[in-house]
Amino acid sequence: MSTKKPRICIVYTGGTIGMCWTSEGYRPRPGSLERLLTELPPFRSEDVPGFEVMQYDPLLDSSNMTPGEWLRIAEDIRSRYDDYDGFLVLHGTDTMAYTSSALSFMLEGLGKPVILTGSQIPLGQPRSDGFDNLLTSLMILGRHHETLPEVCVYFHNRLFRGNRCTKVDAEGFDAFASPNLPPLGECGIDIEINWELVRGRPPESRLFVREMGSANVGAFRIFPGIKAEYLSALLSPPVQGLVLECFGSGNAPADNQEFMLALRRASEQGVVIVAVPQPLRGSADLTLYATGNALLDAGVVSGYDMTPEAALTKLYYLFEQGLPSDLVRDLVQKNLRGEVTIP
Ligand code: ASP
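With our numbering, the residue at position 127 of the sequence shown is 766, and numbering never jumps.
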């Protein structure tokens, strides 16, 4: 282990953590976060690694993020990869789970930790949760930069694998959960990492960034009374893949023949349709009910216990590589970055 103080790059993309109140509601304000970080004494303590802030211009509300911004974050990490021991991405909470999932696929050969965090109350306001989220993330990055080669989300005392978590609360501080994988770490008086869950370093030590931004994929949540036309519209060209959020353990209105036909036609034309469960916890088992078997029959594949965010970004990632749809259908059912439990 090296004795040099680790250096962390803070990639500040936007989000509530650095926002200020305006007549139009919360908006990011350039400069305010960096000023706070230099003024607040705990950020200069011995236990906290050295850091530099790289601030986006404009700062973004994460609702405005697209795969183009995921690529920008990944490229910013890649171009500074050799200069830092770890990366802290400050990000809005609304789409944080999409970005953390996307980065987990895009950053191939990642051997250093990348943690995303943000807050529910801006850092400059009383009772902000941003202070602990930011400080503890930095401390985890500093302590474990040699042994945590993962894209993670840290929020409210817990460290999650980035492609396993989802935003579950729009108001509470405990805003993220990882329903199908225990947290990678829990922070009370001590910072405890569950090393059994942490993925090993990849054999390839060079970081490679997979492009993002040209694949055509979508997501659709089935609901009672769904009309086949809605789905057909979504499944028409140029769509290449669709995440189908199904009832229960992977079920759909199999008696709706038009609906099933729309799925079958699209599958036959090469659209990869991945079923994930609407319930937060559990896996899509398409063999359990007749209403699930009908999906298999129509060419739908199971995404098992993937979050919708992980399934969507995995489709983006796979189609981005120009792979034929049969191979994408095959790979989407495999565990690539610890994002899925294959039964
Ligand atoms: N709308 C904000 C965002 O996602 C919410 C937040 O940061 O918590 O950027």
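By construction, the Cβ of each residue, glycine as well, lies at the ideal position given by its N, Cα and C atoms.
Segment contact: the stretch 842-860 against the stretch 810-823, fewer than three CB-CB distances shorter than 8 Å; contact not assigned. For residue 906, same chain residues with a beta-carbon under 8 Å away, outside a window of 5 residues either side, are 912, 937, 938 and 939 in chain order. Proximity of the beta carbon of residue 705 to the ligand ASP is not indicated: no heavy atom of the ligand is located closer than 7 Å. Nearest C-alpha to residue 894 among 922, 865 and 777: 865. Burial check for residue 722: the Cβ neighbour count within 10 Å stays below 16, so the residue is exposed.
Looking only at 859, 967, 944 and 885, the smallest Cα-Cα distance to residue 928 is reached by 885. Shown here, residue 696 sits in a strand according to DSSP, grouped into three states. Residue side-chain check: residue 700 places its Cβ nearer than 7 Å to a non-hydrogen atom of the ligand ASP. The alpha carbon of residue 765 has as its nearest neighbour, out of 746, 726, 656 and 822, the alpha carbon of 656.
With 16 or more other Cβ atoms from the protein chains shown falling within 10 Å of its own Cβ, residue 948 counts as buried. Look at residue 916 here: in three-state DSSP terms it is strand. Within the same chain, Cβ atoms closer than 8 Å to the Cβ of residue 673 are found at 651, 692 and 694, the five residues on either side in sequence being excluded.
For residue 654, the shortest C-beta to heavy atom distance toward the ligand ASP is below 7 Å. In this model, residue 957 and residue 950 are separated by some 11 Å (Cα to Cα). For residue 933, the enclosing alpha helix (DSSP H) has its first and last residue at 929-936.
With a cutoff of 7 Å, residue 734 counts as near the ligand ASP, since its C-beta is closer than that to a heavy atom of the ligand.
Of all C-beta pairs linking the stretch 966-978 to the stretch 757-764, fewer than three are shorter than 8 Å, placing the two stretches out of contact.
When Cβ pairs closer than 8 Å are counted between the two stretches, the stretch 697-708 is seen not to touch the stretch 793-808, the count staying below three. Under the 10 Å beta carbon count, residue 736 is surrounded by 16 or more other beta carbons and is classified as buried.
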